[in-house]
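The sequence shown begins at 1353 in the working numbering and counts up one residue at a time.
Where is the CB? At the ideal position from N, CA and C, for every residue including glycine.
What you are looking at is a predicted structure, and each value in this text was computed from that prediction instead of being measured.
The structure appears right after this line, and notes come after that.
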Amino acid sequence: TTFYCLFSVSIIFKLVQTSYFYFLLSLVQLITIIDKVANSGVAMPCWYFDKRDLRHTPSIKAGLTMDQETLYRREGARFILQVGNKMGLRYETMATGVVFFHRFYMVHTFLEFPRHVTACCCLFLAGKVEETPKKCRDIMKTAKMLMKEETWAEFGTDPREEVMTLERIILQTIKFDFIVEHPYSYLLKYAKCLKGDKKKLQNMVQMAWTFVNDSLCTTLCLQWEAEIIAIALMYLAGKLSKFEVTDWTGRTSRHSRWWDMYTQGITTDLLEDICHQVLDLYAPNKTDSAAAGTPDSKQAAATTTRQQQPAAAAPVTTPVVAAQQQSQQTAVAAAAAILAAQQKLQQQ
């Protein structure tokens, strides 16, 4: 008995010395919490909001203006992308971090939780969710390189503890809802069914991909499903690249437009509303279109129903967007065509 006790103690001591012990401990704690939530009978939250909800967020109720909140959301989202790109994270991980960031501030205020601290914590959590984990100290090290000294002071005397504490608050806020869908996969799926000049089609998809990256700085992920955002930004990319889709795989007499194969009830007014919210990113001194008097998301979404998806056609080349390539494409779109396209859309 004494031998087995000593052997067990030695094994536990070895485990404590390894990172696996802490991983297993965190996993057990997480499973316990999720089990409690599942057995409590509490439904998962809905993360889609009407525009009137976006005009009355906790931060705005606490005294921030709409323009200030829009600015803080953009700064937080861009900071996540900057840190993520610097660390070589996948686009899904960065996008998930941004979605967590936007959701968090639909419950809490920017006055209570500094945006840069929240951004780092959301990226830290997203790494775990997307199975691309990064150590907290590495995220802190990268963030510090990208921040001014006065901004770094927001992290306090123990930045790691600040992030770890906030992580628990974020988990409670999002109610352990880790299911996040992004438009990227939909862009690739749609590209497979569209017909036309292969090079022009690839350019259109690449431009739409860039718009999806930029859309993370808006509140679109709080208004619409990833599928609808992907359709809208493919529509915008087609307008900008002057590529008109006239034929697609699986077309029938019931499909007047290519996206009718996937959804019903999507109007051009709805698509242009989404497009304008992205285009506003390139227009200086302009308030986010989410505050404008366009149709509420939930009301329009009530008319949108999903259809059975057709079989995929031959694949096209998958766009690979590096950080520098994204910046170049965004700059070109902003400087050369986007504002002109916005005026064109308004005239139609």
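Problem set entry | Sufficient close CB pairs (3 or more, under 8 Å) joining the region 1475-1483 to the region 1442-1450 | These segments touch.
For this session: Taking residue 1508 as the reference, give the member of 1536, 1469, 1490, 1568 with the closest Cα.
Result: With distances taken between Cα atoms, residue 1508 lies closest to 1469.
Exercise. How about residue 1429 and residue 1569: do their beta carbons lie closer than 9 Å?
Worked result: In this structure, residue 1429 places its C-beta atom within 9 Å of the C-beta atom of residue 1569.
For this session: Label residue 1398 either buried or exposed according to how many other C-beta atoms from any shown protein chain fall within 10 Å of its C-beta, with 16 as the threshold for buried.
Result: A residue is called buried when at least 16 other Cβ atoms come within 10 angstroms of its Cβ; residue 1398 does not meet this threshold and is exposed.
For this session: Can you have a look at residue 1679 and say buried or exposed, based on whether 16 or more other CB atoms are within 10 angstroms of its CB?
Result: Bear in mind that the predicted position of residue 1679 carries a pLDDT of just 40, short of 50, making it unreliable; the figure below should be weighed with that in mind. It is exposed - the Cβ of residue 1679 has fewer than 16 other Cβ atoms within 10 Å.
Problem set entry | Rounded separation between residue 1456 and residue 1422 - CA only | Rounded to whole angstroms, residue 1456 to residue 1422 spans 14 Å at the Cα level.
Problem set entry | Contacting residues, own chain, Cβ-Cβ under 8 Å from residue 1583 (five flanking each side not counted) | Excluding sequence neighbours, residue 1583 sits near 1538, 1542, 1611, 1614, 1615, 1618, 1623.
Exercise. What are the start and end residues of the alpha helix (DSSP H) that includes residue 1507?
Worked result: For residue 1507, no alpha helix (DSSP H) run applies, since DSSP gives it neither H nor E.
Problem set entry | Element boundaries [alpha helix (DSSP H), containing residue 1460] | Looking at the DSSP string, residue 1460 is not in any alpha helix (DSSP H), and its letter there is neither H nor E.
Exercise. With DSSP run on the structure shown, which of helix, strand or coil describes residue 1561?
Worked result: Reduced to three states, the DSSP call for residue 1561 is helix.
Exercise. What is the C-beta distance between residue 1462 and residue 1478, in whole angstroms, given that I count them as a contact (C-beta under 8 Å)?
Worked result: Not a contact, Cβ separation roughly 20 Å.
Exercise. Between residue 1454 and residue 1574, which are expected to be in contact by the criterion C-beta below 8 Å, what is the C-beta distance as a whole number of angstroms?
Worked result: Right, the Cβ-Cβ distance comes to about 5 Å (below 8 Å), so this counts as a contact.
Exercise. Assuming residue 1504 contacts residue 1496 under a Cβ cut-off of 8 Å, what Cβ separation, rounded to an integer in Å, is found between them?
Worked result: The pair is a contact, with the Cβ atoms about 6 Å apart (cut-off 8 Å).
Problem set entry | When 1609, 1432, 1531, 1604 are compared against residue 1473, the one with the closest alpha-carbon | The option with the nearest alpha carbon to residue 1473 is 1432.
For this session: State the CB to CB distance for the pair residue 1530 and residue 1458, rounded to an integer number of angstroms; the pair is presumed to be in contact (CB under 8 Å).
Result: A Cβ-Cβ distance of about 17 Å is found for the pair residue 1530 and residue 1458, leaving them out of contact under the 8 Å criterion.
For this session: Closer than 7 Å by C-beta to residue 1426: which residues in its own chain qualify, once you throw out the five before and the five after it? Chain order, please.
Result: 1569, listed in sequence order.
Problem set entry | residue 1487 vs residue 1475 beta-carbon contact at 9 Å | Contact: no.
Exercise. Do you know how far the Cα of residue 1534 is from the Cα of residue 1466?
Worked result: Going by the C-alpha atoms only, they are around 26 Å apart.
Problem set entry | Rounded distance between the beta-carbons of residue 1536 and residue 1564, thought under 8 Å | About 6 Å separates the two Cβ atoms, so the contact holds.
Exercise. When burial is assigned at 16 or more other CB atoms within 10 Å of the CB, is residue 1513 buried or exposed?
Worked result: Per the 10 Å Cβ criterion, exposed.
Problem set entry | Classification of residue 1628 by the beta-carbon crowding that lies within 10 angstroms, buried from 16 upward | Buried is the call here.
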